[in-house]
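Residue 736 is where the sequence shown starts when you use this note's numbering, and the numbers rise one by one after that.
C-beta atoms are modelled at their ideal positions from N, C-alpha and C, and glycine is treated no differently.
Here the structure is a predicted model, which is why all the values come from computation and not from measurement.
Below is one structure, written out as structure tokens; the observations come after it.
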Amino acid sequence: EPRAATEAKLNTTKLVEYVDKSNMRSFVFTLGRCRMLQDLTLFIEGLRDSFMAALGRALPGSLRTLKLQLRQSSAITDGGVAALAQRLPGGLRSLHLVGDPGLGD
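Spelled out as structure tokens, the structure:
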């Protein structure tokens, strides 16, 4: 990811990202440095519970709204959601977790 794009993310209050296996690690690393972020929307494709735990550890304390759209190819279970829930920032006011139709079938 170009340095300018990363720097822009660090100073934003609202972020919409597509996250899959190819960018998961770099996204989590960058997210951990986003100190002003208040509104985060993620489209998650093909990831597992371990991503949810890493996401929870990286969420900035400034976050107020978190929206997660789980694509059908994701293998996120109740355990992954629980791992995320244990680490939600105290100031979070809104959490939206949406699965594509057929997720978990």
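In the DSSP assignment, residue 766 falls within the alpha helix (DSSP H) that extends over 759-766. The residues 750, 765 and 769, in chain order, have a CB closer than 7 Å to that of residue 744 in the same chain once the five nearest residues on each side in sequence are set aside. Partner residues in the beta bridge of residue 805, as assigned by DSSP, are 779 and 834. Apart from the 5 residues on each side of it in sequence, residue 794 sits with its Cβ closer than 6 Å to the Cβ of 824 in its chain, given in chain order. Comparing alpha carbon positions, the residue from 827, 742, 746 and 753 closest to residue 782 is 753. Minimum Cα-Cα distance from residue 771 among the listed residues 757, 791, 789 and 742 corresponds to 742.
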